[in-house]
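Structure first, commentary second.
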Amino acid sequence: MRTNPPLVRLLIALTVCTPAVISQATAIQKLPRITHFKVQYTKYSFKVIVQSVDGDPEIGGCQIRVTCATRAAPPGFYVKPNGYYAYPQKSDRPGGDIDNGSYDQDKQIGIYARTISTRNWPPGVYRVAAGPTNDPPSKWNVNDDRKFRFEIDSEGKIVGKRDLESENVAGTHVVIYKKKGVYACFASLLKLESRDTLYTDFATRTYRSHSDNTGGSVRMVSHDGGLTWQDLPMSAPQFNTFNAANRPILKTPNGTLVKVSAEGDGWEQATSNDNGVTWNVTKHPLAEGLERLTGQCRHGYILTSSGVRLHVMAGKRKGSDLRELFFLRSVDDGQTWQFSSMFNAKPKHIGFNETALVEAADGSIVAIARAEPEDHSVRTREELATSALTAYLYQSVSADEGLSWTKPKRTPILGFPAHLVQLTDGRLLCTYGYREAAMGIRACVSHDNGKTWDVDNTYTLRADGQGKGGDLGYPVSTPLSDGSIFTIYYFNDDDNITHIAGTKWRLKDSRTGASKSKD
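Numbering (our numbering) for the sequence shown: 185 to 703.
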C-alpha cells in the first residue's frame, strides 16, 4: 500500500438519452480499487458513495462528466465545444493529498460521497459510471468504476429505482468450480426429468475473453439439487451425446433427435438415430442479402406444446453494422425448416443478439433479447445516446407460434443476457446478469404471460460482484421438486477469479414446483 497516495478524484460519467433517440484476449490481472460502492436515490437526486481500498488510494476531489450525445447538458453542467461530455459547473479542486473536498459529504478518509440534483433534468434514461481516479496520475494510473442507470419521467422524477444494493433472497450460494488463472464461464444446466440430478459443462479459458480457444472445458454433476458437485467422468464428446439424449426439446415421437445451429456462413440441420452418438448433417447456405449468422442464442430453442420447433439466431445483413434476429421454424419434427427474419426490417438504431424463448401459459411465445450497440462498442454520438437504452432487455411476442412477431419493446428489466422458464403455476421466471452497481445475479417474475414484469419485486440473488466491466452472469435456472430453484452462472468477486457458482433459492410464495419448460 502507498503511504502517500496522490490526489484522487471521483469520476462520474453519465450517458443521456431521451425516449425519442434511438478483443483481443487479455490476461487476468488487476484487483479492484473499490471496496464499497452505493447509490442512494430520492425523487429528485442521487447520491454516490465510494469507499476505496484502505490507503490505496484516498479519495480527494470530485470530477463529474456527462455524456451528452444529442441534447444540451443537464442543469448544473456545461458542454465543452465539440466534445462528448458535459462537466459540472461546481467541482472539487483540493490540493496535494487532501481528502474531503468542498463537496465531499463524508469527512472520513478514503470515502467520498456526493449528492447530484436531477431536478429539471429532461426525461430519459441516464447512464452513470463512478469511481476513483488519480487524474493526472503522479505515479501510475488508477481507474476503477461502477456503472448504474436511472430514468427520469415527464414530471422530472427518478422512477423505477429500489433499494437493491444487497441480496434479498434467503438462498444458499455454492462455488462449483474456481481455479486461479482460469477464466471459467458459460455454464450449461441439465436436469433429468425423474429426479433433481443436475449436470453442467462450462468453458475453462486461459484468458479473460469470450472468444479464447486456448483453454478447455469441465463437466460436473450434482446429486442433491446443486448443493454439492463432483467431477463427471465423461469426455466432452461423451457429454455432448449424453446431453442431447436427455434434452426433451431435441426428441421426436419416433425417437430421432433433431437440432439446428448457426455456422457463420450458413446454418445446419442435424438428425441422430442413435441417441446422439452420430449425426447426419445437412448444410444450408446463407439467405440472400445476409453477411453472417452466429450461434449465440443459447436459450433460443423451444418445442411448443403443439409440436412446433423454433430456434432463434443472430445475424447481420450485408451493409449493416447491427445484428438482428432470425429464426428457423419446423412443424414436421425437424424434417424441414423455414428460415425467416424475425422483424422483416434492417435495424436502424438498435440491434439484437442473445435471445431467450419460452412458451407462456396462454400459448404465446415470449422472446427476451439483448440489445446493441453497447457502451464499449459505440462509435458515434448517436450510438452513445442509444447505448443508454440498450442495457435493458427487449421483448417480442408471437401469438401464432413463430409465424409473426411484435415490434421489440424495451422492458423495465435492466441487465443481460436472460434465461426464461415457465413455472408450473404458469408464471414466467426471467433470470439475468446485472453488470451495474451492485453487480450480481437477479430475477423477476411475470404474472400475466410476459405482458408485464414485476420489477418492483426483483429478486437479488447476488449483489457482491466485483471487477471492472462487470463480466459475470449468463444464468440458467431450473425449478426443483421441493419448490426451490437452482440458478447456475459465472461470477467474479474480490479476488478477481472468474468462476462457476450457483444459488439454490425460493420465490417468496414458494409456489414454483417442477418446471413446465421443454428445454
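Heads up, the beta-carbon is just placed ideally off N, CA and C, and yes, glycines get one too.
- Counting the other Cβ atoms within 10 Å of the Cβ of A420 gives fewer than 16, which makes it exposed.
- In the three-state DSSP reduction, N438 falls in the coil class, being neither helix nor strand.
- With a cutoff of 8 angstroms on beta-carbon distance, A627 and L598 are scored as not near each other.
- Between A354 and F370, the C-beta gap is not smaller than 8 angstroms, which leaves the two residues out of contact.
- Classified as exposed, P469 has fewer than 16 neighbouring CB atoms from the shown chains inside 10 Å of its CB.
- Setting aside the 5 residues that flank it on each side, D678 is surrounded in the same chain by Q650, each with a C-beta closer than 6 angstroms to its C-beta; the list follows chain order.
- Note that the region 538-552 touches the region 465-485; at least 3 beta-carbon pairs, one per stretch, sit closer than 8 angstroms.
- Here the region 609-620 makes no contact with the region 484-497; the two share fewer than three CB pairs at distances below 8 angstroms.
- I672 is a Cβ neighbour of G686, given a cutoff of 8 angstroms.
- Cα atoms of R330 and V312: separation of roughly 8 angstroms, rounded to the nearest angstrom.
- Under the DSSP assignment, A544 falls outside any alpha helix (DSSP H); it carries neither an H nor an E label.
- The region 469-514 contains, as complete beta strand (DSSP E) runs of 3+ residues, the segments 474-478, 485-487, 493-501, 508-514 (chain order).
- In the DSSP annotation of this structure, A555 is not part of any alpha helix (DSSP H); the continuous beta strand (DSSP E) holding it starts and ends at 549-556.
- According to the DSSP assignment, A602 belongs to the beta strand (DSSP E) that extends over 602-606.
- Annotation for A685: no alpha helix (DSSP H) segment contains it, though the beta strand (DSSP E) segment containing it runs 683-689.
- Comparing alpha-carbon positions, the option among L441, S504, W451 lying closest to L487 turns out to be L441.
- Counting other Cβ atoms within 10 Å of its Cβ, H220 stays below 16 and is therefore classed as exposed.
- Secondary structure in the region 377-419: the beta strand (DSSP E) runs of 3 residues or longer, each lying completely within the stretch, are 382-389, 400-406 in chain order.
- Assignment of beta-bridge partners to W451 by DSSP yields A446, H468.
- According to the DSSP secondary-structure assignment, P258 is paired through a beta bridge with no residue.
- Residue pairing by DSSP places K231 opposite Q224, T299 in a beta bridge.
- Counted as a single uninterrupted DSSP element, the beta strand (DSSP E) harbouring S524 occupies residues 522-525.
- For the set R501, F670, Y578, the Cα lying nearest the Cα of V550 is the one of Y578.
- If you draw a straight line from the Cα of W413 to the Cα of P437, it comes to about 33 angstroms.
- CA-CA distance, P307 to S229, rounds to 14 angstroms.
- Burial state of P663 is buried, judged by a 10 Å Cβ sphere holding 16 or more other Cβ atoms.
- In this structure, the beta-carbon distance from Y361 to H683 falls below 8 angstroms.
- By the beta-carbon neighbour count (other beta carbons within 10 angstroms, threshold 16), D337 is exposed.
- By DSSP's assignment, I672 forms a beta bridge with V660, G686.
- Around the beta carbon of K692, fewer than 16 other beta carbons lie within 10 angstroms, which makes this residue exposed.
- Per the C-alpha coordinates, the member of W637, L382, Y225, W521 positioned closest to L612 is W637.
- Judged by DSSP secondary structure, I534 falls outside any beta strand (DSSP E); it is assigned neither H nor E.
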